[in-house]
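Q: One structure, pasted below without further comment.
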Amino acid sequence: MVVSLALMVVDHRQNHLEGIRAVLSVALSPLNAIINLPRSAGEWIAEAFATRSNLLHQNQALRKENLLLRVRQQKLDSMKAENMRLRNLLDSAFKIRDRVLIAEVIAVDLDPYSHQVVINKGSNSGIFQGQPVLDASAVMGQVTHVNPFSSTVLLITDASHGLPVQVNRNGLRTVALGTGHIDRLELPHLPNNADIEVGDLLVTSGLGGRFPPGYPVAEVTAVTRNPGQPFASILAQPKARLDQAREALLVWTLDSIQGYSPPGNATQPAGSTEEEPPL
């Protein structure tokens, strides 16, 4: 006890035993490691299993979040595309300067020989038989059947459809007939010397009183002149996206339909100063 007290006093006052303590600490460190090995191993194993469990839970949660975000991304892409289509339709509505109503395509005729679609506007919205229908680019067709809440539109490519058109470059008049192919129209009974070329734009001529003049219809894609035949073979491709359109424009022409005004959400383009007559 006396020796211990003496060593404590010497170490406390003059720190003479600091080197000895360091040497003993180094010598005893393996023994301390061996003594603490069971506790350290237990802590490492517990931490390893806990970390693995947390990683599994986090991985599962991230998978669910990733799936949800991918679904939302798809919805956002769809909404973005729909927003662009609606912007194009509204821009087209202001360009044509007629009263218009935007409708949505809700059904497509699955008969390969009949090119018809069904839209979600009917007689309750003021739709009438024979009304012109457009998309953001060009003429799509015309209304053939009207129900209170829906209407059937006959596309210009249907084999039973004919549309009076003219060449925008020189005013040459003809009729664009549907061929039963969604990407093809035929221009019959034009002589071989007719002034029409590949790339010419066809627009509505206004003849027949059904379609107002000046709306784009198709672009000439092929002109075949056979000297042995009296007429040239001319094909055109519709400018409207008939197989992709999700929305359509129903047009009321102010000059040809007097005394009528479409109800509710029909659009009156900017710049029109005409007074709306009662329904």
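Under the numbering used here, the residues of the sequence shown are numbered 31 to 309, in order.
Beta carbons: idealized from backbone N, C-alpha and C, even for Gly.
Would S181 and V173 be called neighbours here (beta carbons separated by less than 7 Å)?
A: Yes, the pair counts as a contact, with Cβ atoms nearer than the cut-off.
Q: Following the continuous beta strand (DSSP E) through Q172, name the residue where it begins and the one where it ends.
A: Q172 -> beta strand (DSSP E) spans 169–176.
Q: Any idea what DSSP makes of E227, helix, strand or coil?
A: Reduced to three states, the DSSP call for E227 is coil.
Q: For A270 versus S144, is the C-beta spacing smaller than 7 Å?
A: The answer is no: Cβ separation not under 7 Å.
Q: For L231, which of P243, A248, N222, H219 has the nearest alpha-carbon?
A: It is A248 whose Cα lies nearest to the Cα of L231.
Q: For T187 and V233, what's the separation of their Cα atoms in angstroms?
A: Using only the alpha carbons, I get a separation of about 15 Å.
Q: For the region 257–274 and the region 214–226, state whether three or more C-beta atom pairs, one from each stretch, are separated by less than 8 Å.
A: Enough Cβ pairs lie closer than 8 Å, so yes.
Q: Determine the closest residue to F179 out of L202, R203, V135, with distance taken between C-alpha atoms.
A: Among L202, R203, V135, the Cα nearest to that of F179 is on V135.
Q: Pull up the CB-CB distance for P268 and L237, whole angstroms please, since I reckon it's below 8 Å.
A: The pair is not a contact, with the Cβ atoms about 19 Å apart (cut-off 8 Å).
Q: How big is the Cα-Cα spacing for I287 and Q274?
A: Interpretation of I287 is limited by its pLDDT of 44, a score under 50 that renders its predicted location unreliable; no figure is taken from the coordinates.
Q: For S153 and P162, I'd like the C-alpha separation in whole angstroms.
A: The alpha-carbon atoms of S153 and P162 are separated by roughly 15 Å.
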